[in-house]
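First comes the structure, then the notes that go with it.
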Amino acid sequence: MAGAFRDEVIRKIEESHAEYTRISDEIWGYAEPRFQEEQSSRLQQEYLKSRGFSIRADLAGEKTAFIAEYGSGKPVIAFLGEFDALSSLEQEADCTERRPIPGKENGHGCGHHLLGTASVAAVDGLKAWMEEKKLSGTIRYYGCPAEENAGGKAFLVRDGFFDDCDIALTWHPYALNKVMKGGFHLANFRVFFTFHGISSHAAGAPELGRSALDAVEIMDIGVNYMREHMIDAARVHGAITNSGGIAPNVIPSEAQILYAIRAPKVTQVKKLYERMCDIAKGAALITGTTVEIKQVAAYSDVINNDTLADLLQENLEHVVPIGYTDEELAYAKKFQQVITELDREGLKDMAAVIGGKEGKKKLMEMPLWDFIVDKNSRYGGGGSTDVGDVSWVVPTGQVYTNCYAAGTAMHSWQAVAQGKSAIAHKGMMAAAKVMAMTGAQLLLNPDLVEKAKADWKEELDGETYPSPLPKDSRPEIW
Numbered sequence: 001m002a003g004a005f006r007d008e009v010i011r012k013i014e015e016s017h018a019e020y021t022r023i024s025d026e027i028w029g030y031a032e033p034r035f036q037e038e039q040s041s042r043l044q045q046e047y048l049k050s051r052g053f054s055i056r057a058d059l060a061g062e063k064t065a066f067i068a069e070y071g072s073g074k075p076v077i078a079f080l081g082e083f084d085a086l087s088s089l090e091q092e093a094d095c096t097e098r099r100p101i102p103g104k105e106n107g108h109g110c111g112h113h114l115l116g117t118a119s120v121a122a123v124d125g126l127k128a129w130m131e132e133k134k135l136s137g138t139i140r141y142y143g144c145p146a147e148e149n150a151g152g153k154a155f156l157v158r159d160g161f162f163d164d165c166d167i168a169l170t171w172h173p174y175a176l177n178k179v180m181k182g183g184f185h186l187a188n189f190r191v192f193f194t195f196h197g198i199s200s201h202a203a204g205a206p207e208l209g210r211s212a213l214d215a216v217e218i219m220d221i222g223v224n225y226m227r228e229h230m231i232d233a234a235r236v237h238g239a240i241t242n243s244g245g246i247a248p249n250v251i252p253s254e255a256q257i258l259y260a261i262r263a264p265k266v267t268q269v270k271k272l273y274e275r276m277c278d279i280a281k282g283a284a285l286i287t288g289t290t291v292e293i294k295q296v297a298a299y300s301d302v303i304n305n306d307t308l309a310d311l312l313q314e315n316l317e318h319v320v321p322i323g324y325t326d327e328e329l330a331y332a333k334k335f336q337q338v339i340t341e342l343d344r345e346g347l348k349d350m351a352a353v354i355g356g357k358e359g360k361k362k363l364m365e366m367p368l369w370d371f372i373v374d375k376n377s378r379y380g381g382g383g384s385t386d387v388g389d390v391s392w393v394v395p396t397g398q399v400y401t402n403c404y405a406a407g408t409a410m411h412s413w414q415a416v417a418q419g420k421s422a423i424a425h426k427g428m429m430a431a432a433k434v435m436a437m438t439g440a441q442l443l444l445n446p447d448l449v450e451k452a453k454a455d456w457k458e459e460l461d462g463e464t465y466p467s468p469l470p471k472d473s474r475p476e477i478w
């Protein structure tokens, strides 16, 4: 069966190509934000149930979370999917100018409609192949809500839903093809600091008031001074979510600031968070107010796994180049012309890192990057993913495939506009095939599972999952 399994698995996935495109496009249209992905979750559940998977839903306090399972025994291989959209990114499909859809508020600017659907396709095709070959083993699709801003997977990890898994595989839409290794993403906490003071008339009796907004501002100044004493790779950014009102002659009794705290390792984030809690307490002491601190999300760093990275690389090479028509290349070029100047500069930097001095110009002229970027190549980064939390408890592999014109930024209307294109669908199908072929290899070769586990333990080097979420924290819309 050496090598033949790949073509067999690909054929199984191709048989339902039209169905996967339909599911992806429907979820693009639903564009539901975190913890509100009712239609998207239901659509995937109904499809997988119709294909013979058992379903467990409403998990870890997340109503839209579910697990679809087929098979029995070891190994247990998890395929991770997402389906949440982003706020304020409503946009007409295929339109090269900003054109929001009337009545819509959200858009799939990070490609999660593709992400979840490709993982559905992977388990669907793999199941059909397993039945044909009469193979044992368990495959699961994890429908994971709220990757954006809330870290839905961290709740699933904390509540034990990955405890019996042997391997986890996932992917993400991007503007290139690459196996992703640990170190690309930053760990991240999201924390609200709410200050409570005393309201009074700012002119008539200012001495009676205690300004919560003053406390927010003093805290933010303290955080700015802290930046000088952080590691270079750390990031702290905040948004005042409640300024206490719009009347300047009223001393605000309540004000709030939300911070995202990032660093390469979750243990580093935790230390920054503790320092910021001290700053908040100091700001409250200075202003005569009190502070309420509430951590609402946590994303851990991704633990690298060379065995899974090598397998994903091997299978990625089986589907790339993806192959584009002249029409698709022209489509991508139109979108490449409407990316922002900052994104164009980012593309230049990426082209320089990947192509070097001689290859940079050639890459800049390519509307679609139909090649594989070296998995050891380092560039960009800075974002966060709750895949990291899974990787602390299960050996995890992740691949990116090309779904957008080169230079397209995630979390942009340009990405939303391209989300139903043939390019996006081709990238989605490529990812499904890579994950399914990797799953097949692991089912056929149990030694690879053990090798991935050995890599994982070596990478952890005795560390255990730091459980960054507070024990009493619950999934919520905020």
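According to full-length UniProt numbering, numbering within the sequence shown proceeds without interruption in unit steps and concludes at 478. Each residue gets a CB set at the ideal place from its N, CA and C atoms; glycine is no exception.
Residue i - containing alpha helix (DSSP H), residue span
i: Glu37; result: It is not in any alpha helix (DSSP H) - Glu37 carries neither H nor E in the DSSP assignment.
i: residue 482; result: One cannot answer for residue 482 here, as it falls past the ends of the chain, which runs 1 to 478.
i: Gln398; result: Segment 396-402 is the beta strand (DSSP E) holding Gln398; no alpha helix (DSSP H) there.
i: Ile10; result: 4-14
i: Pro173; result: Unbroken run through Pro173 is the beta strand (DSSP E), 167-174; no alpha helix (DSSP H).
i: Val449; result: 446-460
i: Arg344; result: 341-364
i: Gln337; result: Careful: Gln337 lies outside any alpha helix (DSSP H) and carries neither H nor E.
i: Asp389; result: 387-393
i: Thr307; result: 306-319
CA-to-CA distance, residue j to residue i, given in whole angstroms
i: His411; j: Tyr142; result: 23 Å
i: Val394; j: Ala57; result: 21 Å
i: Gly419; j: Val390; result: 27 Å
i: Pro475; j: Tyr324; result: 41 Å
i: Ala150; j: Trp478; result: 9 Å
i: Pro75; j: Asp164; result: 9 Å
i: Val338; j: Tyr331; result: 12 Å
i: Ser72; j: Gly111; result: 32 Å
i: Glu317; j: Gly107; result: 31 Å
i: Glu314; j: Glu32; result: 35 Å
i: Ile218; j: Tyr225; result: 11 Å
i: residue 502; j: Ala234; result: Outside the shown range of the chain (1 to 478) lies residue 502, about which nothing can therefore be said.
i: Asp310; j: Asp374; result: 11 Å
Simplified DSSP assignment, three categories, for residue i
i: Lys471; result: coil
i: His112; result: helix
i: Ala146; result: coil
i: Phe189; result: strand
i: Thr464; result: coil
i: residue 479; result: Only positions 1 to 478 of the chain appear in this structure, which leaves residue 479 out of reach.
i: Phe155; result: helix
i: Thr438; result: helix
i: Trp478; result: coil
i: Lys178; result: strand
i: Leu59; result: strand
i: Met1; result: Because the pLDDT of Met1 is 48, which lies under 50, any placement of that residue in the model is unreliable, and the number read from its coordinates should be weighed accordingly. Note: Met1 maps to coil in three-state DSSP.
i: Thr64; result: strand
i: Thr138; result: strand
i: Val373; result: strand
Start-to-end residues for the beta strand (DSSP E) that takes in residue i
i: Tyr299; result: 290-299
- Residue ranges of each beta strand (DSSP E) run of no fewer than 3 residues wholly in the UniProt domain "Peptidase M20 dimerisation" (193-281), ordered along the chain? 235-242, 254-263
- Message: To test your reading of the DSSP string, which unbroken alpha helix (DSSP H) runs of 4 or more residues are found completely within the stretch 73-134?
- Response: 112-133
- Report yes or no: do the stretch 194-211 and the stretch 420-434 share at least 3 C-beta pairs separated by less than 8 Å? no
- Query: When the Cβ atoms of the stretch 421-430 are set against those of the stretch 341-355, are three or more pairs found closer than 8 Å?
  - Reply: no
- Message: Could you check whether the stretch 171-178 touches the stretch 394-403, counting it as contact only if at least three pairs of C-beta atoms, one from each stretch, sit closer than 8 Å?
- Response: yes
- Count the C-beta pairs between the stretch 240-250 and the stretch 158-172 that are closer than 8 Å, then say yes if the count reaches three, no if not. no
- Item | contact_flag[the stretch 455-475, the stretch 301-313] where n(CB pairs < 8 Å) is 3 or more | yes
- Does the stretch 127-146 come close enough to the stretch 359-369 to have 3 or more Cβ pairs within less than 8 Å? no
- Message: Three or more C-beta pairs under 8 Å: does that hold for the stretch 203-220 against the stretch 274-291?
- Response: yes
- Any contact of the stretch 114-127 with the stretch 79-87, i.e. 3+ C-beta pairs under 8 Å? yes
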